[in-house]
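Participant: I have a structure I would like to understand better, so I am pasting it below and will then ask my questions one at a time.
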């Protein structure tokens, strides 16, 4: 079997742990897997790796975006329909679930699935049977379902937008993908990986990142994660001619974000007018204020940017006088 774990580029502890978890899940008989992660972290890649590491690897992997179609069309896409089931159904159509028999179905953006279809999916997960639209007899299938979301599904359950029973059915095995900002120097490893790929596809001999560019990459928070990094590097390959990626090749939004953080630190009076603790408090206030600004005052998102828990961020903000206790 191919070393699909090598597709997870990086050496950070978070990625090493993820490789082990994916391998364990792939080789297990579980029929449901739920993948959590921000946009751009590679949920589709991990789903395909789970499939390729399983006994189903030689059967189909069917990728379905639950946000792509309205509910009335999505039901037919998923389950198929019988001839004459509705206007325009001139022939029987097999659905994507049936096409994936003995393989895997990847349900991306699962939270976008209509509540009615959520109920039908739950029945399918429990019985491994479904009915085509307009059919009387059920169809039996053997399919592993891998679902993904960039939202906390439990909050969707609380708000009534997601079925609680389906949530617990999917939650049997959950995988949390780390954001790129949580992976340390993996950003440089990934950059080298993409540069090698684009050198091949574009017929270039780009040598890599200039030292100052590496520093910027390590300071930037990468809100679009691995996808943002990949797209940025491809854009540079298309638009720039130099054989080294320089800071001036980067978008202003990245340079402004990083320089804002550096300038805040550089502007701090460390010439004796403040003692050590006061300077530390000043720096922490600046970092928290910057994170809150970037997160549009959302404490949970700001905590992620800072690598803190929400509770720890609240404690620090109270201590520094940024939040009333």
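Numbering (our numbering), first residue to last: 773 to 1097.
Beta carbons: idealized from backbone N, C-alpha and C, even for Gly.
The structure displayed is predicted, hence computed values, not measured ones.
(1) For residue 853, which beta-bridge partners are listed by DSSP?
(2) With a threshold of 8 Å, are at least 3 pairs of Cβ atoms found where one atom belongs to the region 914 to 921 and the other to the region 869 to 885?
(3) Given a cut-off of 8 Å, decide if residue 811 and residue 958 are closer than it, judged by their beta-carbon atoms.
(4) With residue 1093 and residue 922 assumed to form a contact (beta carbons below 8 Å), what rounded beta-carbon distance in angstroms separates them?
(5) State the DSSP-derived secondary structure class of residue 916, mapped to helix, strand or coil.
(6) What residue range is occupied by the uninterrupted beta strand (DSSP E) comprising residue 804?
(7) Could you spell out where the alpha helix (DSSP H) holding residue 872 opens and where it closes?
(8) Nearest to residue 982 by CA position, among 1007, 961, 1016, is which residue?
(9) Could you give the residue range of the beta strand (DSSP E) that holds residue 837?
(10) Exposed or buried, which one is residue 826 when buried takes at least 16 other CB atoms within 10 Å?
(11) Give me whichever residues DSSP pairs with residue 889 in a beta bridge.
(12) DSSP beta-bridge partners for residue 1017?
(13) Sorted by chain position, which residues of the same chain lie with C-beta nearer than 8 Å to residue 802's C-beta, five sequence neighbours on each side aside?
(14) Judging by CA-CA distance, which residue of 907, 927, 996, 851 is the nearest neighbour of residue 883?
(15) I need the DSSP call for residue 1047, collapsed to helix, strand or coil.
(16) Under a three-way DSSP split, which group does residue 998 fall into?
(17) Are residue 888 and residue 843 closer than 8 Å when you measure CB to CB?
(18) Rounded to whole angstroms, what's the CA-CA distance from residue 846 to residue 893? Just pull it up for me.
(19) Taking DSSP as the reference, what is the three-state secondary structure of residue 921?
(20) Does DSSP classify residue 945 as helix, strand or coil?
(21) In its own chain, which residues sit with a C-beta less than 6 Å from the C-beta of residue 1057, not counting the 5 before and 5 after it?
(22) Alpha carbon to alpha carbon, how far is residue 788 from residue 949?
(23) Within 8 Å, do at least three Cβ pairs link the region 901 to 911 to the region 790 to 799?
(24) Considering Cα atoms alone, identify which of 890, 898, 963, 1081 is closest to residue 935.
(25) Can you tell me the Cα-Cα spacing of residue 822 and residue 816, whole angstroms?
(26) What does DSSP give as the partner residue(s) for residue 879 in the beta ladder?
(27) Pull the bridge partners of residue 911 from the DSSP assignment, please.
(28) Do the region 851 to 859 and the region 1019 to 1034 make contact, defined as three or more Cβ pairs closer than 8 Å?
(29) Is it buried or exposed for residue 1002, if we count other Cβ within 10 angstroms and need 16 for buried?
(30) Given this structure, state the Cα-to-Cα distance separating residue 1084 from residue 931, to the nearest angstrom.
(31) Closer than 8 Å by C-beta to residue 1074: which residues in its own chain qualify, once you throw out the five before and the five after it? Chain order, please.
(32) In the DSSP assignment, find the alpha helix (DSSP H) that holds residue 971 and state where it starts and stops.
(33) Helix, strand or coil for residue 926, going by three-state DSSP, please let me know.
(34) Give me the residue from 1013, 786, 940 with the minimum Cα distance to residue 976.
(35) Which term fits residue 1090, buried or exposed, when burial requires 16 or more other beta carbons within 10 angstroms of its beta carbon?
Facilitator: In brief:
(1) According to DSSP, residue 853 bridges with 865, 905.
(2) Of all C-beta pairs linking the region 914 to 921 to the region 869 to 885, three or more are shorter than 8 Å, placing the two stretches in contact.
(3) no
(4) The Cβ separation is near 34 Å, so there is no contact.
(5) strand
(6) 804 to 808
(7) Where residue 872 is concerned, there is no enclosing alpha helix (DSSP H), given that its DSSP letter is neither H nor E.
(8) 1016
(9) 833 to 837
(10) buried
(11) Bridge partners of residue 889: none, in fact.
(12) 981
(13) 916, 944, 945
(14) Measuring C-alpha to C-alpha distances from residue 883 to each of 907, 927, 996, 851 identifies 927 as the nearest.
(15) Low confidence applies here, because residue 1047 scores a pLDDT of 47, under 50, leaving its location unreliable; read the following figure in that light. In this structure, residue 1047 counts as coil in the three-state DSSP scheme.
(16) Reduced to three states, the DSSP call for residue 998 is helix.
(17) Yes. Within cutoff.
(18) 12 Å
(19) strand
(20) Coil at residue 945, not helix or strand.
(21) 1092
(22) If you take the alpha carbons of residue 788 and residue 949, they lie about 12 Å apart.
(23) no
(24) Minimum Cα distance to residue 935 is reached at 890.
(25) 10 Å
(26) Answer is 836, 919.
(27) 902
(28) no
(29) buried
(30) 26 Å
(31) Closer than 8 Å at the Cβ level, and outside the excluded window around residue 1074, lie 1060, 1063, 1064, 1066, 1067, 1085.
(32) From DSSP, the alpha helix (DSSP H) with residue 971 extends over 958 to 974.
(33) If DSSP states are grouped into helix, strand and coil, residue 926 belongs with the helices.
(34) 1013
(35) exposed
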